[in-house]
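Numbering (this note's numbering), first residue to last: 344 to 615.
Everything below concerns the one structure shown next.
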């Protein structure tokens with residue numbers, strides 16, 4: 344009887360350790376199906392589709408206005424997410440990038456703003472994607488289509504007109520915003536349209552220029568750019584940027600003085 348008992352016990356242990364018919368369902372970490380943003384992000388919008396384990400980027404909600412606010416979840420290299428807005432013809436209106444909050448390898452929440460520096464028309468596309476670390480190509484593209492019926496307002500931009508300090512005014516319609524000064528600076532950095540260029544406008548801002556903050560206090564408007572604006576490649580380029588920003592923003596009623604900084608430093612901004 345004892346020999347029979349030990350024989351049954353040995354067979355049972357062997358089956359539990361190596362039985363190929365046992366539970367082989369992958370874990371959540373293997374499939375990604377249960378990878379979610381923190382609980383606070385659950386109110387953003389739609390939860391992952393059934394293929395969530397395969398998709399890298401989700402757009403959960405888009406708040407229309409100016410700026411457009413895009414929220415979602417992403418599982419990308421170094422948590423970086425590229426976000427852009429395109430008009431109905433596919434032409435670029437605005438582009439930005441952000442970083443999702445959380446450990447790499449998870450669908451972490453992200454949020455990005457897109458300043459609409461020209462009229463998108465009645466319909467626009469919002470894309471979220473990442474650049475391949477291997478070859479720089481776009482991958483993991485997710486697109487949301489939006490109807491845009493917000494009010495418009497006229498603005499005047501002072502673009503560089505071929506000389507270091509000369510500027511020329513260019514008018515355009517843009518979606519209404521309460522942050523007019525920020526929108527104007529974003530439009531200057533984005534550069535002139537094809538029609539503006541045909542009329543003599545040039546773009547003095549170097550590639551990689553970004554706006555950090557725009558703050559008004561006691562009539563002094565301080566525009567802080569990223570560190571790319573600390574060295575702009577020549578005295579003429581520095582003068583053209585300063586003239587374009589100053590002449591555009593001084594037209595606002597509440598602005599008495601414009602101050603430009605880069606990376607938080609006034610002294611280092613717009614060095615030749």
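Backbone N, C-alpha and C fix where the C-beta goes; we use that ideal spot for every residue, glycine too.
This structure is a prediction, so every number in the text was calculated from the model and none was measured.
Remark: fewer than three beta-carbon pairs, one from each stretch, lie closer than 8 Å, so the segment 548–561 and the segment 469–489 are not flagged as touching. Counting along the chain, residue 510 sits inside no alpha helix (DSSP H); it lies in the beta strand (DSSP E) bounded by residues 510–518. Distance from the Cα of residue 492 is smallest, within the candidate group 425, 406, 448 and 597, for 406.
Measuring C-alpha to C-alpha distances from residue 472 to each of 507, 549, 420 and 531 identifies 420 as the nearest. For the pair residue 460 and residue 439, the CB atoms are not nearer than the 9 Å cut-off. When secondary structure is reduced to three states using DSSP, residue 502 falls in the strand class. A residue is called buried when at least 16 other Cβ atoms come within 10 angstroms of its Cβ; residue 505 does not meet this threshold and is exposed.
For the set 592, 442 and 583, the Cα lying nearest the Cα of residue 547 is the one of 583. Counted as a single uninterrupted DSSP element, the alpha helix (DSSP H) harbouring residue 539 occupies residues 537–541. By a beta-carbon distance limit of 8 Å, residue 611 contacts residue 573. Their separation comes to about 5 Å. A check of alpha carbon separations from residue 503 across 534, 429, 592 and 593 identifies 534 as the nearest.
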